[in-house]
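Take 356 as the starting number for the sequence shown in the numbering used here and just add one per residue.
Just so it is clear, CB atoms sit at the ideal spot from N, CA and C, and this is done for glycine as well.
See structure below.
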Amino acid sequence: MASGFKPHTWGARPTASANLCYVAGQTEVARSRTPDRERRVPHRAPCRLQWWDSDSKRTASCVGETTNLSERGLAVRVRHFLLTGTRVEILLANLAGDPRRISGVVVRCQRILADTFELGIRFVD
Numbered sequence: 356m357a358s359g360f361k362p363h364t365w366g367a368r369p370t371a372s373a374n375l376c377y378v379a380g381q382t383e384v385a386r387s388r389t390p391d392r393e394r395r396v397p398h399r400a401p402c403r404l405q406w407w408d409s410d411s412k413r414t415a416s417c418v419g420e421t422t423n424l425s426e427r428g429l430a431v432r433v434r435h436f437l438l439t440g441t442r443v444e445i446l447l448a449n450l451a452g453d454p455r456r457i458s459g460v461v462v463r464c465q466r467i468l469a470d471t472f473e474l475g476i477r478f479v480d
């Protein structure tokens, strides 16, 4: 490298700023550690999903963990595969104390692990 850059190796201390991380054979990657930008701490709220299971001809339910929440919908991790278009009732923990019941429809179901799925649910009126 013409710039005199030496990649960080095990046991050696980096000679550059603490805000930069050097990876051998790759370009430098900046890490923002400024005081005005706090590190993001994800909040995972538990929720309960309920839906009509056409195979068993009864209502089914499960507990999940929200991974993203917006005004129009949410993403939740569960251990059940649900088809796109499935209508669900969501019981979501509320900061005010009482849980909130919301209706939605599954718009995405993606396998995360062998037995874990992430559902994208759009709220409906």
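Determine the direct distance from the alpha carbon of residue j to that of residue i, and round the result to whole angstroms.
| i | j | result |
| --- | --- | --- |
| alanine 488 | leucine 468 | With the chain covering 356 to 480 only, the question about residue 488 has no answer from this structure. |
| phenylalanine 472 | leucine 447 | 18 Å |
| proline 401 | cysteine 417 | 11 Å |
| lysine 412 | valine 443 | 15 Å |
| cysteine 464 | proline 454 | 24 Å |
Since residue i and residue j should fall inside the 8 Å C-beta cutoff, what is the C-beta to C-beta distance between them, to a whole number of angstroms?
| i | j | result |
| --- | --- | --- |
| threonine 421 | valine 431 | 5 Å |
| leucine 404 | isoleucine 445 | 6 Å |
Within 10 angstroms of its Cβ, does residue i collect 16 or more other Cβ (buried), or is it exposed?
| i | result |
| --- | --- |
| leucine 438 | exposed |
| tryptophan 406 | buried |
| glycine 440 | exposed |
How about residue i and residue j: do their beta carbons lie closer than 8 Å?
| i | j | result |
| --- | --- | --- |
| valine 479 | valine 460 | yes |
| arginine 477 | arginine 427 | yes |
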